[in-house]
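Going by my numbering, 81 is the number at position 85 of the sequence shown; the sequence numbering is gapless. The C-beta atom is built at its ideal place from N, Cα and C for all residues, glycine as well. Here's the structure, in structure tokens; my notes come after.
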Amino acid sequence: MRNTQPLLRCGLAVAAAAALPLGLAAQPAGAVSGISVSTNGSTVSVTTSACTQVGGSWGNASLLTSSQANFAQGRQAALTGTASLQSAAWSNVSPGTYTVIVVCSNGSTAGSQSVIVSSSATPTAAPTASPTRGVMGGVGGGSKDYGTVTMVAGGVLVGTGAIAAGWFLRRRGRPYRL
């Protein structure tokens, strides 16, 4: 009966820890965006399936810099596509942070999303010579040959730690008396 309380507390803590990532991953219903934005070098593209065609137009998308405040100030592109997927793209976009907003032809906003465009310079990898002794991964400093004094000192530290742990556990098991 003595072990019931700690086990119950432990079980509740484990359940709470397991539920925490699920609660953090869930987004509020209003935060869901109906658009998907991607970058490829200096090209930014947006796709959505939220718009319907009105008067031969799906709507427009706008690429806004941080200094632009509304849809009309941004770099606009017309949505093209089908009833299941509409898209727009901007090329030659300078590096920086942008906001993409999609407004359908019926006046409703499909969503907005931020995107970061990085510089288009791609680093080139230069070949290097292979190591002469092979890869030394996982050795963790054990590749050096330590002397006898270092090995004895390490053994003494490990032995002292084992004795202290045993002494502590033995004393913990005894009831406390004055």
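Using only the alpha-carbon positions, how far apart do residue 163 and residue 157 sit? Start at 1 with the first residue of the sequence shown, and residue 163 comes out as number 167. Start at 1 with the first residue of the sequence shown, and residue 157 comes out as number 161. In a straight line, the C-alpha of residue 163 is about 10 Å away from that of residue 157.
Could you tell me how far apart the beta carbons of residue 69 and residue 57 are, in whole angstroms, since I believe they sit closer than 8 Å? The residue labelled residue 69 in the question sits at position 73 within the sequence shown. The residue labelled residue 57 in the question sits at position 61 within the sequence shown. The pair is not a contact, with the Cβ atoms about 14 Å apart (cut-off 8 Å).
At the level of alpha carbons, what is the spacing between residue 82 and residue 32? Translated into positions along the sequence shown, residue 82 becomes position 86. Translated into positions along the sequence shown, residue 32 becomes position 36. Going by the C-alpha atoms only, they are around 11 Å apart.
Locate the beta strand (DSSP E) running through residue 54, then write down its first and last residues. For the purposes of this step, residue 54 is taken as the residue at position 58 of the sequence shown. In the DSSP assignment, residue 54 falls outside any beta strand (DSSP E), carrying neither H nor E.
If I follow the unbroken beta strand (DSSP E) through residue 104, where does it start and stop? The residue given as residue 104 occupies position 108 in the sequence shown. Element bounds for residue 104: n/a, residue is neither H nor E.
Going by other Cβ atoms of all chains shown within 10 Å of its Cβ, with 16 needed for buried, is residue 44 buried or exposed? Start at 1 with the first residue of the sequence shown, and residue 44 comes out as number 48. Buried, by the Cβ-count rule.
Note the first and the last residue of the continuous beta strand (DSSP E) segment covering residue 88. As a position in the sequence shown, residue 88 is number 92, starting the count at 1. Taken as a continuous stretch (DSSP letters only), residue 88 belongs to no beta strand (DSSP E), as it is neither H nor E.
Return the CA-CA distance between residue 95 and residue 103, expressed in angstroms with no decimal places. The count along the sequence shown starts at 1 and reaches residue 95 at position 99. The count along the sequence shown starts at 1 and reaches residue 103 at position 107. Going from the Cα of residue 95 to the Cα of residue 103 covers about 19 Å.
Ordered along the chain, which non-local residues of its own chain (more than five positions away) have a Cβ less than 6 Å from that of residue 100? Looking up residue 100 in the sequence shown gives position 104. The residues are 47, 55 and 106.
In whole angstroms, what is the alpha-carbon distance linking residue 39 and residue 61? Against the sequence shown, residue 39 aligns to sequence position 43. Against the sequence shown, residue 61 aligns to sequence position 65. Their backbone Cα atoms lie some 15 Å apart in a straight line.
What did DSSP end up calling residue 109 once you bin it into helix, strand or coil? Reading the sequence shown from its first residue, position 113 is the one you call residue 109. Strand.
Looking at the structure shown, is residue 78 part of a helix, part of a strand, or coil, going by DSSP? Indexing the sequence shown from 1 puts residue 78 at position 82. Residue state, collapsed to three classes: coil.
Contact set for residue 110: own chain, Cβ-Cβ below 6 Å, skip 5 residues either direction: Here residue 110 corresponds to residue number 114 of the sequence shown, with the count starting at 1. Here the set comprises 95.
Alpha carbons only, please: which of 49, 145, 34 and 37 is nearest the one belonging to residue 77? Sequence index remark: in the sequence shown, residue 77 carries index 81 (1-based). Minimum Cα distance to residue 77 is reached at 49.
Considering only the beta carbon of each residue, do residue 67 and residue 112 sit closer than 7 Å? On the sequence shown, position 71 is the one that residue 67 refers to. On the sequence shown, position 116 is the one that residue 112 refers to. No.
Which class does residue 70 belong to by DSSP, given the choice of helix, strand or coil? Your numbering for residue 70 matches position 74 in the sequence shown. Here residue 70 sits in coil by DSSP.
Are residue 84 and residue 42 closer than 7 Å when you measure CB to CB? Position 88 of the sequence shown holds residue 84. Position 46 of the sequence shown holds residue 42. Contact: yes.
Where do the N-terminal and C-terminal ends of the beta strand (DSSP E) with residue 42 fall, by residue? Walking along the sequence shown from the start, residue 42 turns up at place 46. Unbroken beta strand (DSSP E) run through residue 42: 39 to 44.
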